[in-house]
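Engineer: Dropping a structure here in structure tokens format, bear with me for questions.
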Amino acid sequence: GQQVQQSPASLVLQEGENAELQCNFSTSLNSMQWFYQRPGGSLVSLFYNPSGTKHSGRLTSTTVIKERRSSLHISSSQTTDSGTYLCALLSNTGNYKYVFGAGTRLKVIA
Amino acid sequence: DPKIIQKPKYLVAVTGSEKILICEQYLGHNAMYWYRQSAKKPLEFMFSYSYQKLMDNQTASSRFQPQSSKKNHLDLQITALKPDDSATYFCASSQGGNSDYTFGSGTRLLVI
Chain A
24 GQQVQQSPAS LVLQEGENAE LQCNFSTSLN SMQWFYQRPG GSLVSLFYNP
74 SGTKHSGRLT STTVIKERRS SLHISSSQTT DSGTYLCALL SNTGNYKYVF
124 GAGTRLKVIA
Chain B
675 DPKIIQKPKY LVAVTGSEKI LICEQYLGHN AMYWYRQSAK KPLEFMFSYS
725 YQKLMDNQTA SSRFQPQSSK KNHLDLQITA LKPDDSATYF CASSQGGNSD
775 YTFGSGTRLL VI
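In structure tokens:
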């Protein structure tokens, strides 16, 4: 089965609204990372967050190891936030290989 | 300046031909990776290298061969290209096997 499940698959927001993206893991977590994939395809690292809560501007990531999940909160969304958000898992069973979820496709409309 | 350089950005190839995708990283990382992203599929792990040695290979086909001539290079040679190989190929690097990744901007390959 899939090791990394992301929800929702897609999301449309009005500019200014908040969003909560979820990432659930079927295996024990060693570390995880959130990425933003631009519409053109390039990947930008948002957070490396093996545990706890991290903040960066309007973004907050919270990883709860015991519950095998991580969330990404986007506050006061902007049209430039549109794109795909990916989470990736590095499991306890092996290093040197992040496994990616299918992503959440976000569209923010003005 | 980009920290991971992938060349070329776009590549069109004829079925049956051979191509090499270039990846160089200037982050001083000791681990490098290749991932593939086909249309409407998640990013798929292909290979990982650490200190120029193969750590993991999840690619079933031997047509895909990584080549590491220098510690900051990990090229990907693809032989006998097929239309199903059409995808964007991403290179990434990290410091050690348990740390954050940095990705290159990808090479978009179309096999006709």
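For the record, the sequence lines run as chains A and B. Heads up: the first sequence is residues 24 to 133, going by this note's numbering. Heads up: the second sequence is residues 675 to 786, going by this note's numbering. Backbone N, C-alpha and C define an ideal beta-carbon position, used for all residues, glycine too.
#1: With C-beta atoms as the reference, is B:F616 less than 8 Å away from B:A761?
#2: For B:I694 and B:I752, I'd like the C-alpha separation in whole angstroms.
#3: Below 7 Å CB to CB, which residues in the same chain sit around B:Q726 once its five sequence neighbours on both sides are set aside?
#4: Which runs of the beta strand (DSSP E), 3 residues or longer, sit entirely within the segment 47-127 of chain A?
#5: Any C-beta of chain B within less than 7 Å: which residues of the segment 65-85 of chain A qualify?
#6: For A:A32 and A:S105, I'd like the C-alpha separation in whole angstroms.
#7: Please confirm whether A:Y59 has its beta-carbon closer than 8 Å to some beta-carbon of chain B.
#8: Is the segment 96-110 of chain A close to the segment 46-64 of chain A, with three or more CB pairs under 8 Å?
#9: Using a beta-carbon distance below 8 Å, is B:N772 in contact with chain A?
#10: What's the gap between the Cα of A:T86 and the Cα of B:S724?
#11: Can you have a look at A:H78 and say buried or exposed, based on whether 16 or more other CB atoms are within 10 angstroms of its CB?
#12: Any C-beta of chain A sitting closer than 8 Å to the C-beta of B:S779?
#13: Quick test of your reading: B:Y775 and B:W708, contact by CB under 8 Å. State the CB separation rounded to the nearest angstrom.
#14: Kindly indicate which three-state DSSP category A:P31 falls into: helix, strand or coil?
#15: Does the beta carbon of A:I88 fall short of 7 Å from some heavy atom of the ligand NAP?
#16: What residue from A:L95, A:G64, A:I97 and A:L82 has the CA that sits closest to B:S779's CA?
#17: Give the list of continuous beta strand (DSSP E) stretches no shorter than 3 residues that lie fully inside the segment 677-762 of chain B.
#18: Please say whether B:G771 and A:Y71 have beta carbons closer to each other than 8 Å?
Structural biologist: To lay it out plainly:
#1: The question about residue 616 of chain B has no answer, for chain B in this structure spans 675 to 786.
#2: 6 Å
#3: S742 and K745
#4: 52-60, 66-71, 75-79, 82-87, 92-97 and 106-114
#5: S65, L66, S68 and Y71
#6: 14 Å
#7: no
#8: yes
#9: yes
#10: 27 Å
#11: exposed
#12: yes
#13: That pair is no contact at about 12 Å.
#14: coil
#15: Here there are no bound small molecules, and the ligand NAP is not part of this structure.
#16: A:G64
#17: 678-681, 684-687, 693-699, 705-711, 718-724, 727-731, 738-741 and 749-752
#18: no
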